[in-house]
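Data first, discussion second: the structure below is written as structure tokens.
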Amino acid sequence: MVDPQMSVSLADVVVKRRGKNVLGPINLDLGGAGFTMVIGPNGAGKTTLLKVLHGVERVSGGTVQWTVPDDQARQAQAYVFQSPIMLRRSVRQNLSYPLQLLALPKSEITRRVDQWAGNIGLQDALDSPAPRLSGGEKQKLALGRALIRQPKVLFLDEPCANLDGRSTREIESLLTAAATAGTKIIMTTHDIGQARRLATNILFLLGGSLHESGPASEFFNSPRTSEAKAFLKGDIVE
Amino acid sequence: MNDIWAGMQAAFRLIFTLDADLVEITLLSLRVSLSALVVASAIALPFGTWLAIRRFRFRRTAIATLNALMGLPPVVVGLIVYLLLSRSGPFGVLGLLFTPTAMIIAQVIIITPLIASITHQAMRELWAEYHDLLISLNTSKRQRVMTLIWDGRRTLMTAALAGFGRAIGEVGAIMIVGGNIDHATRVLTTAIALETGKGDFALALGLGFVLIALALVVNLTIHALSRTEREGTW
């Protein structure tokens, strides 16, 4: 199960670029298991919020406080980018890379690589160059490379953007298995259908502000704000 | 045209008779240039990579200076190394002047900026590609440098080969600090300069062909060993 101590509080968090607010001020407590889906239109600040939570985007104001020390929090997290970044190595070496950083024994690395190659369906491509994989395979490899570290929190930035239905289903199935195994998943998406299928909680962002947050069932059944209602209806909101 | 033909004949004669002087000069050329390459690469590859990932106040100035140093005039480098290693210089006590070690030092100074600059250019692109992933994985600076060097090794091989090309063909600096002493510091380039001065163009050309062949063989060998073409798209 998720470490009950792995939760995060954001207090008056603001991110500015060239003097302009791109996010915040945001006050938010995030914890518990399952999927937290960050939704909203383009430019709403979804990716920025994810990077702030992961600690790779500096805040201009406010505080981000994990309930464990920052170093421990970073070690317990993994991040999957919208465009998967492949190391110029084989599939096997891409999978083993994060484990080598953790200085795990060779036998343990081999065991986990073989297990995860099977989980992501790339067991027959272990020695292929990762940059030559298809888009869907690259995204699965990026997800496997993130999950192989057994993170307590997994951030995903629109992992299924530009993927077909079959690849999306495979990714969702891997994510559901990870969530069941106890990984907290925080994920941005444009796909309302995907949010309905997976979300435990919803964060609805608009113009850099957090408009709504709460259980997914409440958000989808009775959104509080007119913007959220319009967004769910498929209207264009800005 | 006659000189070129005579030069080719001289080259064949020297090579196929395994002329003792030629073998000695060629081996010393290789020893000096490869030693300089190893030392310069050990400095330039991590430095160029570090420069690509590190942000500091005078970074742009450092990069501009490094690029400018690529055009260091070898004779000036030779003169400075000569003054440093001469009896009255600060390192005169080491007795290195007119030895292969002095020639290696001069070549290291000449090719390090070249290798570092090419490394920086290549690593900058790779760093842009890897940046988010390596930051996200909480890698240390050392791990980032090592990852970039390993994954960019084929490009770095090109940087090293460019350095080798400059070193093996260099004459000005090693002539000054080595002295072109027969059976001691004479290498292919200084021998060519000497034979040209003596008017023996055929021998000079012959040595020139040997020099070109040597550079080609070393390049092809390294490309073959590193499988540059086969896995070039990685």
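Chains as they are written, first to last, in our numbering: chain A, 535 to 772; chain C, 195 to 428. Even for Gly, the Cβ is constructed at its ideal location relative to N, Cα and C. The model shown is predicted, which means the values in this text are computed figures rather than measured ones.
Hey, I416 (chain C) and M351 (chain C) are a contact pair by Cβ (cut 8 Å); roughly how many whole angstroms apart?
For this step, residue 416 (chain C) is matched to residue 222 along the second sequence. For this step, residue 351 (chain C) is matched to residue 157 along the second sequence. Going by Cβ atoms, the distance from I416 (chain C) to M351 (chain C) rounds to 6 Å, so yes, they are a contact pair.
How is the alpha helix (DSSP H) around E218 (chain C) delimited, first residue to last?
By 1-based counting over the second sequence, the position of residue 218 (chain C) is 24. Unbroken alpha helix (DSSP H) run through E218 (chain C): A214 to I247.
Kindly indicate the opening and closing residues of the beta strand (DSSP E) around R551 (chain A).
For the purposes of this step, residue 551 (chain A) is taken as residue 17 along the first sequence, with counting starting at 1. Segment V542 to R551, the beta strand (DSSP E) holding R551 (chain A).
Could you check which residue in C:P294, C:P267 and C:G346 has the C-alpha nearest to that of L279 (chain C)?
Indexing the second sequence from 1 puts residue 279 (chain C) at position 85. Of C:P294, C:P267 and C:G346, the residue nearest in Cα terms is C:P294.
For the 8 Å Cβ check, are there 3 or more pairs between the stretch 650–661 of chain A and the stretch 570–581 of chain A?
The stretch 650–661 of chain A, when compared against the stretch 570–581 of chain A, does not touch it at the 8 Å Cβ threshold.
When the Cα atoms are used, what is the spatial distance from T383 (chain C) to G286 (chain C)?
To locate residue 383 (chain C), count along the second sequence from 1; it is residue 189. To locate residue 286 (chain C), count along the second sequence from 1; it is residue 92. Their Cα atoms are separated by approximately 26 Å.
7 Å is my cut-off, CB to CB: does I429 (chain C) come that close to chain A?
Shown here, chain C extends from 195 to 428; a query on residue 429 (chain C) therefore has no answer.
Hey, does N261 (chain C) have any beta-carbon neighbour from chain A nearer than 7 Å?
Indexing the second sequence from 1 puts residue 261 (chain C) at position 67. So no, N261 (chain C) is outside the interface.
Check for me: the alpha helix (DSSP H) holding G558 (chain A) runs from which residue to which?
Your numbering for residue 558 (chain A) matches position 24 in the first sequence. Unbroken run through G558 (chain A) is the beta strand (DSSP E), K554 to L564; no alpha helix (DSSP H).
If we cut at 7 Å on Cβ distances, does I619 (chain A) have a partner in chain C?
Here residue 619 (chain A) refers to the residue found at position 85 of the first sequence. By this cut-off, I619 (chain A) is an interface position.
Alpha carbon to alpha carbon, how far is I406 (chain C) from A396 (chain C)? Give it in angstroms, no decimals.
The count along the second sequence starts at 1 and reaches residue 396 (chain C) at position 202. The count along the second sequence starts at 1 and reaches residue 406 (chain C) at position 212. The alpha-carbon atoms of A396 (chain C) and I406 (chain C) are separated by roughly 15 Å.
With DSSP as the reference, label S280 (chain C) as helix, strand or coil.
Within the second sequence, numbered from 1, the residue matching residue 280 (chain C) stands at position 86. In the structure shown, S280 (chain C) sits in coil (DSSP, three-state: anything other than H, G, I, E or B).
Check each residue of the stretch 333–353 of chain C: if its Cβ is closer than 7 Å to any Cβ of chain A, include it; give the result in chain order.
So the close ones are T333, Q337 and D345.
Please report how far the alpha carbon of P284 (chain C) lies from the alpha carbon of V411 (chain C), in whole angstroms.
Residue mapping note: residue 284 (chain C) aligns to position 90 of the second sequence, counting from 1. Residue mapping note: residue 411 (chain C) aligns to position 217 of the second sequence, counting from 1. Rounded to the nearest angstrom, the two C-alpha atoms are 39 Å apart.
For the stretch 662–674 of chain A against the stretch 608–628 of chain A, are there 3 or more C-beta pairs whose distance is under 8 Å?
Counting Cβ pairs under 8 Å, three or more are found: they touch.
What is the residue span of the alpha helix (DSSP H) that K718 (chain A) lies within?
In the first sequence, counting from the first residue as 1, residue 718 (chain A) sits at position 184. Looking at the DSSP string, K718 (chain A) is not in any alpha helix (DSSP H); the run it does join, the beta strand (DSSP E), is K718 to T723.
Hey, is R608 (chain A)'s beta-carbon within less than 7 Å of any beta-carbon in chain C?
In the first sequence, the residue the question calls residue 608 (chain A) occupies position 74. At least one chain C Cβ lies under 7 Å of R608 (chain A).
Are the CB atoms of V302 (chain C) and T243 (chain C) nearer to each other than 7 Å?
By 1-based counting over the second sequence, the position of residue 302 (chain C) is 108. By 1-based counting over the second sequence, the position of residue 243 (chain C) is 49. Against a cut-off of 7 Å, the Cβ pair of T243 (chain C) and V302 (chain C) comes out as no contact.
Hey, does V590 (chain A) have any beta-carbon neighbour from chain C nearer than 7 Å?
On the first sequence, position 56 is the one that residue 590 (chain A) refers to. At least one chain C Cβ lies under 7 Å of V590 (chain A).
Does any C-beta atom of chain C lie closer than 7 Å to the C-beta of K551 (chain A)?
For this step, residue 551 (chain A) is matched to residue 17 along the first sequence. Per the sequence shown, the amino acid found at residue 551 (chain A) is Arg instead of Lys. Taking Cβ atoms only, chain C never reaches closer than 7 Å to R551 (chain A), which makes this a no.
I'd like the ranges of any beta strand (DSSP E) spanning at least 3 consecutive residues and lying wholly in the stretch 578–630 of chain A.
Those beta strand (DSSP E) runs which fall completely within the stretch 578–630 of chain A and span 3+ residues are 595–600 and 611–614.
Determine the direct distance from the alpha carbon of K718 (chain A) to that of V536 (chain A), and round the result to whole angstroms.
What you label residue 536 (chain A) is simply residue 2 of the first sequence in a count that begins at 1. What you label residue 718 (chain A) is simply residue 184 of the first sequence in a count that begins at 1. Its pLDDT being 46, under 50, V536 (chain A) is placed unreliably by the model, and nothing is read from it.
Which whole-angstrom value describes the C-beta separation of G596 (chain A) and A680 (chain A), a residue pair presumed to lie in contact below a C-beta threshold of 8 Å?
If you number the first sequence from 1, residue 596 (chain A) lands on position 62. If you number the first sequence from 1, residue 680 (chain A) lands on position 146. That pair is no contact at about 27 Å.
Excluding sequence positions up to five away, which residues of its chain have a Cβ less than 7 Å from the Cβ of G373 (chain C)?
Locating residue 373 (chain C) in the second sequence gives position 179, where the first residue counts as 1. Hits under 7 Å: F292 and T379.
Using a C-beta cutoff of 7 Å, does P632 (chain A) count as contacting chain C?
Residue mapping note: residue 632 (chain A) aligns to position 98 of the first sequence, counting from 1. Yes, its Cβ sits closer than 7 Å to a Cβ of chain C.
What residue range is occupied by the uninterrupted alpha helix (DSSP H) comprising T734 (chain A)?
What you label residue 734 (chain A) is simply residue 200 of the first sequence in a count that begins at 1. First-last for T734 (chain A): undefined, no H or E at that position.
Have a look at A:T723, A:K674 and A:Q606 and flag the residue whose alpha-carbon is nearest the alpha-carbon of P685 (chain A).
Taking the first sequence and counting its residues from 1, one reaches residue 685 (chain A) at position 151. Measuring from the Cα of P685 (chain A), the nearest candidate turns out to be A:Q606.
Alpha carbons only, please: which of C:S330, C:L260 and C:Y276 is nearest the one belonging to Q609 (chain A)?
Residue mapping note: residue 609 (chain A) aligns to position 75 of the first sequence, counting from 1. Ranking C:S330, C:L260 and C:Y276 by Cα distance to Q609 (chain A) puts C:S330 first.
Can you give me the start and stop residues for the alpha helix (DSSP H) that Q314 (chain C) sits inside?
If you number the second sequence from 1, residue 314 (chain C) lands on position 120. The amino acid at residue 314 (chain C) is misidentified as Gln; the sequence shows His. First-last of the alpha helix (DSSP H) with H314 (chain C): P294 to S330.
Give the DSSP bridge partners of D658 (chain A), in chain order.
Residue numbering aside, residue 658 (chain A) sits at position 124 when the first sequence is read from its first letter. Paired residue(s): none; D658 (chain A) is not in a bridge.
Can the beta-carbon of A262 (chain C) be found closer than 7 Å to that of V371 (chain C)?
Sequence index remark: in the second sequence, residue 262 (chain C) carries index 68 (1-based). Sequence index remark: in the second sequence, residue 371 (chain C) carries index 177 (1-based). No, the pair does not count as a contact, with Cβ atoms beyond the cut-off.
Do the stretch 558–569 of chain A and the stretch 708–728 of chain A make contact, defined as three or more Cβ pairs closer than 8 Å?
Verdict: yes, contact present.
Using only alpha-carbon positions, find the residue among A:E746, A:H724 and A:V590 that is nearest to T759 (chain A).
Along the first sequence, one-based indexing puts residue 759 (chain A) at 225. Of A:E746, A:H724 and A:V590, the residue nearest in Cα terms is A:E746.
Can you tell me the Cα-Cα spacing of T390 (chain C) and G272 (chain C), whole angstroms?
The count along the second sequence starts at 1 and reaches residue 390 (chain C) at position 196. The count along the second sequence starts at 1 and reaches residue 272 (chain C) at position 78. Cα to Cα, T390 (chain C) sits roughly 21 Å from G272 (chain C).
Counting only beta-carbon separations shorter than 7 Å, does R622 (chain A) have a partner in chain C?
Within the first sequence, the letter at position 88 stands for residue 622 (chain A). At least one chain C Cβ lies under 7 Å of R622 (chain A).
Tell me, please, whether the CB atom of D326 (chain C) is closer than 7 Å to any CB atom in chain A?
As a working mapping, residue 326 (chain C) is identified with position 132 in the second sequence. Closer than 7 Å to some Cβ of chain A, the Cβ of D326 (chain C) qualifies, so yes.
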